[in-house]
């Protein structure tokens, strides 16, 4: 898949050739906005006109956009500040549960989603600080282990608080403070229903627009706006003093401190701002699905988000958004389509013929993580900077000096640089040495 | 904030010592890296710290800049106690440094590196970064202009968008100085700034350091192995050996000092110019 994408990019004549880079990006942006507005409206028509194309449904695009928000948030922690976080799903869960607590019959509290989302974001950001504070001195693998544990703990706590008793010890009287068997989080069953976001605009749809899974089109527009907000905020953070401080810490923490950066607060800000977007996505997901349960916030979600940002290009905002749409499109639509139309039937026949039970009920969809794992392994070997990398990462991993000349250069020059990059990787592989040493 | 670095006019005209270290000792377990050093840097001076490898020069640097906390003794800078302050707090008081083995932010552009140096002078907070009100926009524009000025000062303005890691070695050395200057220091600590440079580059860097003192009123503390540089530029030279101060004085005095010749030059560790 990666090779195909690359060769197409190399071969395709650039329709915007010679155009100024900024203007070109503006046109692309306008194109994306138009596509986002029009697609949900024409999706049904497209599907009936071209039934053999695996069009992503609107609800699939909602998942894509939600994961794009998650990926942009994790990108702050991992891409900008360089802190490996494998428990990112925890903040997603915290955002979703905050929404569920404040806008459902579970506690009988019904706060408007537009207020709840702010509280959910704040709760996730606070949790980010809680995770960040004790782990400030940890790096790399050690940080990964702690964050992984955190993610699991949060999920299990939400599950177990469905049956919760808090009592004083017997020698203090044994008075029951909470419970007995209080249902705080719904346990395994979760919380259902949750109030979806609404806007009181009357129309043919009724008295108000409801952004729930009953109305995927409206919900898609809402999540698209949330994604746009996230994207703009991330862009601004990246180009700010804070963004530079994050990257300085990623590059060399000691030197960053020696330049006057308070590494403690800067890292905490990375954790809490990164987490806040996860809370943002969680608040949307909970309200849109109108139901949540603890087991859906499992480790696989964290891993999927990591896969997305590595595949898309770590540190690259555009890359992680495209990565999110690509991965979730494959996950939700393409694998099912390929399975149902191409692979499953012959596998079943082969299974029947040979008596291999595993193949008799083969379903490609069940092999999604295997496929992502293989793709990720191939990416790590062939194109570790991701599909749409930031220029510095490409330089880091392939020794291509991207100077001011190339950044303002034409697409052809970039394509040549890319081709060169591939050759260098291959050379590096054969030498099996540290690519950094081979560069100069 | 336009042309000047630090607070030059005041610093240059005032007399007295900018930095006073008294009884500074640093132990790493059983190893005595720096032992009971008294040391002063006069305002507007260029002071060199020399000594054989492992003499404790860089350890002393690290104590000034807050990377190490002295086991005993204290360091005051411009009237403020430095001992126990964190590295970023020391920078804010006006002490900037370069590193012996260049420590640039490799995957950031030359301009980006200098902008990081400007970090603590910028007032914007995280919400300012998100909302980006006019004041922040102005501050950012000024910071970019200032970064370009500093790059021009070290003759790197043509390469502002090059990644630091892709710069030639000599350029990296100068970029590191520009980044340190961006913090608007009163005292600049240079750890072997001419290491690995050819004679022409060394000469230009020496002139540049002198210019920083003369034009911008900076005080400079230099760790240097090149005796030509040390003898040519320093107002005063302090010699360390095995963590102890064995000599101090003008370059001529130090050069004539028997203990220095024994401990340093006598071993053939370096040629005396």
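Chains as they are written, first to last, in this note's numbering: chain A, 2 to 441; chain B, 649 to 921. Backbone N, C-alpha and C fix where the C-beta goes; we use that ideal spot for every residue, glycine too.
> How big is the Cα-Cα spacing for residue 820 of chain B and residue 813 of chain B?
Replying inline: 8 Å
> Taking the runs of the alpha helix (DSSP H) that are 4 residues or longer, which of them lie wholly in the stretch 676 to 741 of chain B?
Replying inline: Runs found: 705 to 712 and 735 to 741.
>> When you compare the CB positions of residue 40 of chain A and residue 67 of chain A, do they come within less than 9 Å of one another, or not?
In response: no
>> Between A:76, A:333, A:365 and A:265, which has its C-alpha nearest residue 343 of chain A's C-alpha?
In response: A:365
> CB-CB under 6 Å to residue 219 of chain A, same chain, minus the five flanking residues each way: which ones, in chain order?
Replying inline: 210 and 212
> Who does residue 883 of chain B pair with in a DSSP beta bridge?
Replying inline: Residue 883 of chain B is not bridged to any residue.
>> By the DSSP assignment, the beta strand (DSSP E) with residue 165 of chain A in it spans what residues?
In response: 165 to 168
>> Counting beta carbon pairs with one atom in the stretch 246 to 255 of chain A and one in the stretch 79 to 91 of chain A, are three or more of them shorter than 8 Å?
In response: yes
>> Is there a C-beta anywhere in chain B that falls below 9 Å from the one on residue 105 of chain A?
In response: no
> Under a CB-based cut-off of 9 Å, is residue 26 of chain A close to chain B?
Replying inline: Taking Cβ atoms only, chain B never reaches closer than 9 Å to residue 26 of chain A, which makes this a no.
>> Using the Cβ count rule (16 or more neighbours within 10 Å means buried), how would you classify residue 906 of chain B?
In response: exposed
>> How far does the beta strand (DSSP E) with residue 181 of chain A in it extend, from its first residue to its last?
In response: It spans 177 to 183 - the beta strand (DSSP E) in which residue 181 of chain A sits, taken as one unbroken run.
>> Can you tell me which residues form a DSSP beta bridge with residue 803 of chain B?
In response: Residue 803 of chain B pairs with nothing; no bridge assigned.
> Taking Cβ-Cβ distances shorter than 8 Å, what residues in chain B pair up with residue 76 of chain A?
Replying inline: For residue 76 of chain A, no chain B residue has a Cβ inside 8 Å of its Cβ, as the nearest lies near 15 Å away.
>> Taking the straight line between their C-alpha atoms, what separation do you get for residue 371 of chain A and residue 328 of chain A?
In response: In a straight line, the C-alpha of residue 371 of chain A is about 13 Å away from that of residue 328 of chain A.
> Relative to the alpha-carbon of residue 689 of chain B, which residue among B:675, B:697, B:682 and B:665 has its alpha-carbon at the smallest distance?
Replying inline: Of the residues B:675, B:697, B:682 and B:665, the one whose Cα lies closest to the Cα of residue 689 of chain B is B:665.
>> Is residue 408 of chain A close to chain B? Criterion is C-beta to C-beta, closer than 9 Å.
In response: Only weak support exists for where residue 408 of chain A lies, its pLDDT of 38 falling under 50; the coordinates are left without a value.
> DSSP puts residue 893 of chain B in a beta bridge; with which residues?
Replying inline: B:888
> Who are the neighbours of residue 238 of chain A on chain B, taking C-beta pairs under 7 Å?
Replying inline: 777 and 778
>> Which of the three DSSP states is assigned to residue 409 of chain A in this structure?
In response: In this prediction, residue 409 of chain A scores a pLDDT of 37, lower than 50, which makes its location untrustworthy; the coordinate-derived value is nonetheless stated afterwards. Looking at residue 409 of chain A - three-state DSSP - the assignment turns out to be coil, as it is neither helix nor strand.
> Applying the criterion that 16 or more other CB atoms from any shown protein chain within 10 Å of the CB defines a buried residue, is residue 115 of chain A buried or exposed?
Replying inline: So residue 115 of chain A ends up on the exposed side.
> Excluding five sequence neighbours on each side, which residues of the same chain lie with their C-beta closer than 8 Å to the C-beta of residue 734 of chain B?
Replying inline: 714
> residue 760 of chain B bridges to which residues according to DSSP?
Replying inline: Paired residue(s): none; residue 760 of chain B is not in a bridge.
> What separation, rounded to the nearest whole angstrom, lies between the Cα atoms of residue 268 of chain A and residue 137 of chain A?
Replying inline: 7 Å
>> Using the three-state DSSP reduction, which class does residue 27 of chain A fall into: helix, strand or coil?
In response: Judged by DSSP in its simplified three-state form, residue 27 of chain A adopts helix.
>> Considering just the uninterrupted stretch of the beta strand (DSSP E) at residue 744 of chain B, what are its terminal residues?
In response: 743 to 745
> Quick one: is residue 846 of chain B near chain A, going by C-beta distance under 9 Å?
Replying inline: No - not a single Cβ of chain A is within 9 Å of the one on residue 846 of chain B.
> Helix, strand or coil: which one does DSSP assign to residue 262 of chain A?
Replying inline: coil
>> So residue 245 of chain A and residue 763 of chain B are supposed to be a Cβ contact under 8 Å. How far apart are they, rounded?
In response: 5 Å
>> Against chain A, which members of the stretch 782 to 807 of chain B pass a CB distance test of less than 7 Å?
In response: none
>> Buried or exposed, going by whether 16 or more other CB atoms sit within 10 Å of the CB of residue 27 of chain A?
In response: exposed
>> In whole angstroms, give me the CA-to-CA distance for residue 892 of chain B and residue 683 of chain B.
In response: 5 Å
> Hey, quick one: how far does the beta strand (DSSP E) through residue 334 of chain A stretch, first residue to last?
Replying inline: Neither: residue 334 of chain A is in no beta strand (DSSP E) and is coded neither H nor E.
> Of the choices A:148, A:140, A:108 and A:111, whose alpha-carbon is the least far from that of residue 91 of chain A?
Replying inline: A:148
> Checking contacts by CB at 9 Å: is residue 728 of chain B closer than that to chain A?
Replying inline: no
> In three-state DSSP terms, what is residue 784 of chain B?
Replying inline: helix
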